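Engineer:
In the UniProt record's numbering, the protein residues as written are 1 to 201.
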């Protein structure tokens, strides 16, 4: 089991210490921050920070299945105030990861409510346009269907889970919003078919 979260910088990491989980956090935590929690029975390696992007946080890990197939998992936090240049750098980063790895799972708060994921032909500009094109052009799928952010009487879809078909079929995605210690949401991905390599006893 793996849990990913964003907005981890607002409180110390110790507030989010989860029993039986290991934490992989953003390498460069200047803004909101993000983290990936992996169950202690699973072996993973944290990948080095690929590119530092102003006002965008990201961390990446590699899991290996019993068939020795690597799965790259990323957690993203994009600030609503990120610049056009930072947004372009993020799209370039995601494209580079997608080009190098077939088995890919990306989650996070992209702060991009303008995209209607049920309508691939809607008129978009700027970052929403490039993010949607990245997903479709790389044969990926955004699988979150329900809105994840609620304020007063309005709601929007900000928190995304993006994967390729072979990864998507192997997971059951659950989306929950937690109102505790500024932990806005946790997206948990529960493995169904993959048998991840456990640590030696």
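Quick reminder that beta carbons are idealized off the backbone N, C-alpha and C, glycines included. The structure displayed is predicted, hence computed values, not measured ones.
Could you tell me if residue 44 is buried or exposed, where buried requires 16 or more neighbouring beta carbons within 10 angstroms of its beta carbon?
Structural biologist: buried
Engineer: For residue 70, list the residues DSSP reports as bridge partners.
Structural biologist: 64
Engineer: Just to confirm, is the Cβ distance from residue 86 to residue 115 under 7 Å?
Structural biologist: no
Engineer: So, with DSSP's three-state summary, where would you put residue 91?
Structural biologist: helix
Engineer: Which stretch, first to last residue, makes up the beta strand (DSSP E) that contains residue 203?
Structural biologist: Nothing about residue 203 can be read from this structure; the chain reaches only from 1 to 201.
Engineer: Can you find the residues in the same chain that come closer than 7 Å, C-beta to C-beta, to residue 20, ignoring five residues on each side of it along the sequence?
Structural biologist: 39, 40
Engineer: Measure from the alpha carbon of residue 88 to the alpha carbon of each residue in 71, 51, 64, 68, then state which is nearest.
Structural biologist: 51
Engineer: Report all residues from its chain with a CB closer than 7 Å to the CB of residue 90; omit the five preceding and five following residues, and keep chain order.
Structural biologist: Beyond the five residues adjoining it in sequence on each side, residue 90 comes within less than 7 Å, by CB distance, of 53, 56, 78 in the same chain, given in chain order.
Engineer: According to DSSP, what are the bridge partners of residue 57?
Structural biologist: 77
Engineer: Look at the Cβ atom of residue 72, then the Cβ atom of residue 36, and state whether they are nearer than 7 Å.
Structural biologist: no
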